[in-house]
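I have placed the structure first, in the form of structure tokens, so that the comments after it can refer back to it.
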Amino acid sequence: MMHTNPKIFLYAVLFAQSLIPYVTAAAPAATGGLITLAVLNAAVPAANSTSSCSNLPAEDKWPSECVDNTVAVVSINKALSKYSISRRADVVAILSWMAYESGSWKNYQTHYPSTIPGQGTRCMMSWTFVSDYAKELYPDKYATAIGQHACNATEATDAEKDNVLALVTNNDDAFAAGFWFLVNQSGDYYTNKTLVDGDYDSFLTFNNEVLYVGTDPALVAARKVVWDTVNATITLDMIKNPRDSI
0 MMHTNPKIFL YAVLFAQSLI PYVTAAAPAA TGGLITLAVL NAAVPAANST
50 SSCSNLPAED KWPSECVDNT VAVVSINKAL SKYSISRRAD VVAILSWMAY
100 ESGSWKNYQT HYPSTIPGQG TRCMMSWTFV SDYAKELYPD KYATAIGQHA
150 CNATEATDAE KDNVLALVTN NDDAFAAGFW FLVNQSGDYY TNKTLVDGDY
200 DSFLTFNNEV LYVGTDPALV AARKVVWDTV NATITLDMIK NPRDSI
């Protein structure tokens, strides 16, 4: 379903060197049951500065897509509330998926190895899911954006696909997409609480069975680096867990 983004491996390697302190240090305090900026800065350290988007690699030609954690944290918290995400395992899984796929919020459309029309949001959903997501959120705008192919999205032109993607690349929708996918497209991974708190193997299974991201050892290792950091940072006292008692 998702296409592995080779360029993101480079991003993962570049910030992996700074991750060990975040993995071993105590997580920053959080308040109000929501993710704070301090927590997100530790979870996604490559985006922890307002200058993170001004120091992009020369080959990254889409600086307008980049945001830092001061922007991301607001939209992520809105998404947690909107989709009633409360289990720590779910939060860790989706945050680490988004951080990896977007290169720590560098992009909201897949550009590597080449730009893929209609594929994006912060979790780089494939066109089929972007189409469903945009249609659910903005049915009238969706109909206009996709034109004559509103009833058959598989035949949409590249331009129509990008028109639809543009409906959901605003910060709130782009950061909410992964949580929407978990709730609406992931089957028992959400309804039966299949993701296990603190268990990387269950996240790896989610990657293989639901996201279809591939099994290249180097890319699997890069995803684990991101998951380990997010998992070590998101704390139980921050995320309330009413679904765990169901």
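Residue numbers (numbering that gives the first Met the number 0): 0 to 245. Where is the CB? At the ideal position from N, CA and C, for every residue including glycine.
Rounded to the nearest whole angstrom, the CA to CA distance from V182 to T190 is 8 Å.
Across the set P116, Y199, N206 and P62, the C-alpha of Y199 shows the shortest separation from the C-alpha of T228.
When DSSP states are grouped into helix, strand and coil, Q108 belongs to the strand group. Contact between the region 155–164 and the region 122–139 is present, with at least three C-beta pairs closer than 8 Å. The alpha-carbon separation between W179 and A57 amounts to approximately 33 Å.
For secondary structure counted as the alpha helix (DSSP H) over 4 or more consecutive residues, the region 47–114 holds these complete runs in sequence order: 68–81 and 87–100. Looking at the DSSP output, G119 shares a beta bridge with Q108 and M124. Following the DSSP letters along the chain, one finds K192 in no alpha helix (DSSP H), marked with neither H nor E. Within the model, the alpha-carbon separation for S50 versus D187 is close to 40 Å.
With a beta-carbon spacing of about 11 Å, K192 and R87 fall beyond the 8 Å limit used to define contacts. Within the region 154–183, the runs of alpha helix (DSSP H) at least 4 residues long that lie entirely inside it are, in chain order, 157–166. Note on G102: 16 or more other CB atoms within 10 angstroms of its CB, so buried under the neighbour-count rule.
Cβ atoms of Y99 and V225 come within 8 Å of each other, at about 5 Å. Distance between L194 and Q118, taken at the CA atoms: about 25 Å.
The three-state reading of DSSP puts V38 in helix, counting H, G and I together. Annotated as distal: T69 and T120, with beta-carbon spacing of 8 Å or more. For A142, the enclosing alpha helix (DSSP H) stretches over residues P138 to I145. Judged by beta-carbon spacing, A92 lies within the 8 Å limit of F202, meaning their Cβ atoms are closer than that value.
In the three-state DSSP reduction, V212 falls in the coil class, being neither helix nor strand. In the structure shown, T234 adopts coil according to DSSP, grouped into three states.
Annotation for K134: Y141 place their beta carbon closer than 7 Å to its own, counting only its chain and skipping 5 residues before and after.
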